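Participant: Residue numbers (my numbering), protein chains in the order written: chain F, 12 to 360; chain B, 12 to 360.
For each residue, glycine too, the CB sits at the ideal point set by N, CA and C.
Small disclaimer: the values here were computed from a predicted structure and weren't measured.
Okay, handing you the structure first.
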C-alpha cells in the first residue's frame with residue numbers, strides 16, 4: 012500500500028480539529044446502525060457464514076440479479092485483490108489517477124500494467140484484459156454515465172471492465188451500472204457499504220458479476236474473510252426503508268460551495284467534482300508543506316495526493332465537512348497559502 | 012474449503028439442542044469481552060490501523076519479542092493463506108490428519124504437497140520447504156512438546172516449521188513455542204484469540220516469526236484486512252490480568268471423562284486427546300449416518316470427520332460440553348449406535 016493512505020490518524024489525533032483527508036462521509040443519520048450492531052454482538056460467538064447467504068440473497072433482490080452473481084468481501088479492497096488474483100499475470104489497464112489499491116493488487120499478482128488518462132484511448136492494440144475504473148473516481152471525483160460505460164462494454168467484449176462504485180452513493184445524480192451485470196458478462200461492479208454509512212472500520216463490501224466470474228473469484232477466496240458483525244451491518248443497511256438523503260444533499264451542496272470558494276484563492280486550481288470530495292492543486296508550493304502548516308497551525312488534516320500516479324507535488328484532496336468547519340477551513344487555507352507563497356496574495360504589478 | 016467445515020449452522024438451527032461439532036470452547040467467563048466491545052462500537056467509524064500497531068506492540072510484550080516479529084491477521088486462517096502465498100510454488104509437507112485450510116491454502120498457491128503421519132518420517136530427501144503442523148492438532152488433539160519441535164528445528168535448519176497453536180490454550184499442560192521465534196529463524200507460530208475466548212465470528216489471529224519472514228508476508232497482505240473491533244478484542248484480551256482458567260479446567264476434566272465413557276461403547280474406538288475435543292471411529296457404520304441420527308432424533312450435532320485427509324468413513328470429532336449435556340449425549344450415542352449397528356450391542360455368542 013502507498014504511504015499516507017486512508018485516514019491513518021495514529022499519532023496526530025491530539026492536533027486534529029477536523030479531518031478533511033478522508034472521503035468517508037460522517038453521516039449523522041446512521042447512528043441507528045451502531046445501536047443495532049451493539050445488540051448483535053453475540054453473533055461473534057459463532058463462525059460467520061462463509062458463504063454469506065443471507066446478505067447475498069438480499070443484495071440479489073436489491074439489484075434484481077441472482078445470488079450466484081454476488082460475492083461478499085472484506086471491504087471493497089478484498090474484491091480488488093481477489094480479481095487481481097483470479098486473473099493473475101494478465102494485462103490490466105488502470106484509468107489514472109486512481110485509488111492505489113488497483114495497482115497494488117495487480118502488482119502483487121504480477122499483472123502487466125498500462126496506465127491511461129481516459130477510457131477512449133484504449134484501442135484494440137492496447138494489451139488490456141482487465142480495465143479498472145473508479146466511478147466516481149478517487150481522488151478526482153470524475154464520473155462516467157452508464158451510456159459511456161455501456162459503449163465501452165459493447166466495443167470491448169473481450170475485456171473485463173471493473174467498475175469501482177465505492178463512492179457512487181456520494182455522487183450527485185450518479186446511476187449505478189450494477190443491474191447491468193446480467194446483460195454484460197464482461198462487467199464487474201464493486202460496491203461498498205462503507206462510504207455512505209461511515210463504517211470503514213467494519214470492512215464490508217461486495218462484487219457483482221457473471222456467475223462464471225464469481226465462481227472463479229470464490230476459488231481464490233479464503234473462508235470466513237468477512238466477520239459476523241460486518242454481515243449484520245450489511246443486512247441492516249439493505250433492510251432500511253430508504254437511504255439517508257437529507258444530510259447527503261446538504262453535504263453535496265457544501266462540497267460545491269467549498270469548491271467555488273477555494274477556486275477564488277490565488278495560487279490554487281480546483282478540479283470540479285460532483286461528489287463530497289475533490290482535488291486541488293497548489294501552483295507554487297507543495298501539498299506536503301500545506302498539509303504540515305494546516306495541521307500544526309490550524310488542526311485541519313488534508314490528503315497530500317502527490318503520491319497518486321499521474322499527480323504532482325502540488326495536488327491534495329479534501330472532503331467537504333459542514334458549513335461552519337468549511338468556513339474555518341477556507342480561512343485557514345488562505346492564511347496558510349499566504350505564509351507559504353506570499354507573493355501570490357497580492358495582484359502582480 | 013472442504014464441505015461441512017466449521018460450525019455452519021444455517022438451516023439446522025431449529026433441530027439443535029447442543030453443538031458437539033465445533034471445537035470452539037463456549038467459555039462462560041468471557042462475557043466481559045462482549046460488553047467491552049459494545050462500548051467500542053464507534054471505532055468502526057474510522058479505518059482500522061492497517062499496521063495494527065497497538066496490538067502488535069502488546070503481543071510483542073506478551074511474548075518477549077519485537078513488534079517486527081508480529082503480524083496480525085484476519086483470523087489464523089489468513090495467516091495460512093499469507094504463508095502459502097509468500098512461499099508460492101514451493102514444497103509443503105503437511106502432518107495429517109490436519110485442518111483442511113493448510114492444504115487448501117497451499118493448493119491455491121500451487122505448492123507441491125507431501126502428506127506425512129509423523130514429523131520423524133521427514134528426512135533430507137523429502138522435498139519439503141515448509142512443514143505444517145497443528146499443535147495440538149485438529150482434529151485428533153495430538154500434541155508435540157517443545158523439545159520435539161526444537162529437535163526438528165535444529166535438524167532441519169533449511170525448512171520452515173509452521174506450528175499452528177490455535178488450540179494450545181485448550182490443551183492440558185501444553186507449552187507454546189511462540190517465544191522461540193527469536194532463537195529459530197525457521198520457526199513460524201500461528202495463534203488465535205478465537206478458541207479460548209469463543210469469538211470465531213470476529214476474525215482475529217496472529218503470526219510470530221523472524222522479521223524477514225514477517226516482511227515477506229506483509230508484502231502479500233492487503234490493507235485493512237483486520238477490522239477495528241477485532242483489534243479492540245485482541246487488545247482487551249491481552250490486557251486481562253489472567254486467563255479464564257477454572258471453566259477451562261472443568262471442561263478438560265469433562266473431556267477426559269467423556270473419552271473414557273465413550274471408549275466403553277461397543278463399536279466405537281476413541282483416540283485419547285489432551286484437549287476439549289477428540290476423534291472417535293465407528294467400526295460398523297458411518298459417521299454420516301450417526302450424525303444424521305444424532306441430529307434428527309436427539310438434537311446433537313457432531314463433526315463427520317470422514318473428509319479429513321487420512322481418515323475414514325467412520326471418523327467423527329466431538330468437543331466435550333458440560334456434564335449434564337455430555338451425559339445426555341452419551342445416552343443418545345448409545346441409543347443411536349444400537350439402532351445403526353444392533354449386532355454390536357450384545358456380546359457375541
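Does any CB atom of chain B fall closer than 8 Å to the CB of residue 56 (chain F)?
Facilitator: yes
Participant: Under 7 Å between beta-carbons, which chain F residues line up against residue 88 (chain B)? List them in chain order, please.
Facilitator: 233, 234 and 235
Participant: Give me the Cα-Cα distance between residue 323 (chain B) and residue 316 (chain B), rounded to the nearest whole angstrom.
Facilitator: So the two alpha carbons sit approximately 8 Å from each other.
Participant: Step through the CB atoms of chain F and report whether any lies within less than 8 Å of the CB of residue 14 (chain B).
Facilitator: Caution applies to residue 14 (chain B), whose pLDDT of 45 falls short of 50 and renders its modelled position unreliable; the value that the coordinates give is listed next. No, residue 14 (chain B) does not count as interfacial toward chain F.
Participant: Using 8 Å as the limit for Cβ to Cβ distance, is residue 29 (chain B) near chain F?
Facilitator: Contacts with chain F at 8 Å (Cβ-Cβ) do not include residue 29 (chain B).
Participant: Give me the subset of the segment 64-91 of chain B whose CB atoms are less than 9 Å from a CB atom of chain F, sorted by chain position.
Facilitator: 64, 65, 85, 86, 88, 89 and 91
Participant: Could you tell me which residues DSSP pairs with residue 311 (chain F) in its beta bridges?
Facilitator: F:29
Participant: Please confirm if residue 320 (chain F) has its CB atom under 8 Å from at least one CB of chain B.
Facilitator: Residue 320 (chain F) is outside the set of residues whose beta carbon lies under 8 Å from a beta carbon in chain B.
Participant: Using a C-beta to C-beta distance shorter than 8 Å, which residues of chain B count as neighbours of residue 212 (chain F)?
Facilitator: 54, 55, 56, 57, 58, 59, 238, 239 and 240
Participant: Which same chain residues end up closer than 7 Å to residue 311 (chain B) when comparing Cβ atoms and leaving out the 5 residues on each side of it in sequence?
Facilitator: Cβ neighbours of residue 311 (chain B) within its own chain (closer than 7 Å, five residues either side excluded): 28, 29, 31, 305, 340 and 343.
Participant: Just the Cα atoms here: how many angstroms apart are residue 148 (chain F) and residue 281 (chain B)?
Facilitator: 60 Å
Participant: So if I threshold CB-CB distances at 7 Å, which residues from the segment 194-213 of chain F count as touching chain B?
Facilitator: 209, 210, 211, 212 and 213
Participant: Secondary structure at residue 223 (chain B), three-state DSSP: helix, strand or coil?
Facilitator: Note: residue 223 (chain B) maps to helix in three-state DSSP.
Participant: Using only the heavy atoms of the ligand GTP, determine whether one of them is closer than 7 Å to the beta carbon of residue 73 (chain B).
Facilitator: Although the ligand GTP was asked about, the structure shown includes no ligands whatsoever.
Participant: Could you pull the DSSP bridge partners for residue 361 (chain B) from this structure?
Facilitator: Because residue 361 (chain B) is not part of the residues shown, which for chain B are 12 to 360, the question remains open.
Participant: In the DSSP assignment, find the unbroken alpha helix (DSSP H) run with residue 350 (chain B) in it and report its ends.
Facilitator: For residue 350 (chain B), the enclosing alpha helix (DSSP H) begins and ends at 334-351.
Participant: Can you name the residues that DSSP bridges to residue 203 (chain F)?
Facilitator: F:216
Participant: For residue 46 (chain F), which of helix, strand or coil comes out of DSSP?
Facilitator: helix
Participant: Considering just the uninterrupted stretch of the beta strand (DSSP E) at residue 102 (chain B), what are its terminal residues?
Facilitator: 102-106
Participant: Among the residues of its own chain, which have a CB less than 6 Å from the CB of residue 82 (chain B), if the five just before and after it don't count?
Facilitator: 218, 225 and 228
Participant: Drop a sphere of 10 angstroms on the beta-carbon of residue 23 (chain B), count the other beta-carbons inside from all chains shown, and report buried for 16 or more, exposed for fewer.
Facilitator: exposed
Participant: Can you give, in chain order, each stretch of the beta strand (DSSP E) that sits fully within the segment 279-311 of chain F and has at least 3 residues?
Facilitator: 279-281 and 288-293
Participant: Who are the Cβ neighbours of residue 213 (chain B) in its own chain at under 7 Å, not counting the five residues just before and after it?
Facilitator: 240, 241 and 244
Participant: Using a cut-off of 8 Å between C-beta atoms, extract the partners of residue 48 (chain F) located in chain B.
Facilitator: 52 and 55
Participant: How many Å lie between residue 129 (chain B) and residue 270 (chain B) at the Cα?
Facilitator: Looking at the backbone, the Cα of residue 129 (chain B) and that of residue 270 (chain B) are separated by about 23 Å.
Participant: Reducing DSSP to helix, strand and coil, say where residue 75 (chain B) ends up.
Facilitator: coil
Participant: Answer yes if the segment 166-182 of chain B comes into contact with the segment 130-149 of chain B, meaning at least three C-beta pairs across the two stretches below 8 Å, and no otherwise.
Facilitator: yes
Participant: Using a Cβ-Cβ cut-off of 6 Å (strictly less than) and excluding sequence neighbours within five positions of residue 189 (chain B), which residues of its own chain qualify?
Facilitator: 74, 200 and 219
Participant: Tell me the residue span of the alpha helix (DSSP H) that contains residue 55 (chain F).
Facilitator: Counting along the chain, residue 55 (chain F) falls outside any alpha helix (DSSP H), and DSSP gives it neither H nor E.
Participant: So if DSSP puts residue 326 (chain F) in a beta bridge, which residue, or which two residues, is it bridged to?
Facilitator: Looking at the DSSP assignment, residue 326 (chain F) forms a beta bridge with F:292.
Participant: With a threshold of 8 Å between beta carbons, is residue 218 (chain F) in contact with chain B?
Facilitator: no
Participant: Does the pairing of the segment 252-263 of chain F with the segment 149-160 of chain F give three or more beta-carbon distances under 8 Å?
Facilitator: no
Participant: Per DSSP, which one or two residues make a beta bridge with residue 127 (chain B)?
Facilitator: B:106
Participant: Could you check which residue in F:107, F:135 and F:274 has the C-alpha nearest to that of residue 6 (chain F)?
Facilitator: Not covered by the structure: residue 6 (chain F). The range shown for chain F is 12 to 360.
Participant: Does chain F have any CB closer than 8 Å to the CB of residue 45 (chain B)?
Facilitator: yes
Participant: Please state whether DSSP places residue 70 (chain F) in a helix, a strand or coil.
Facilitator: helix
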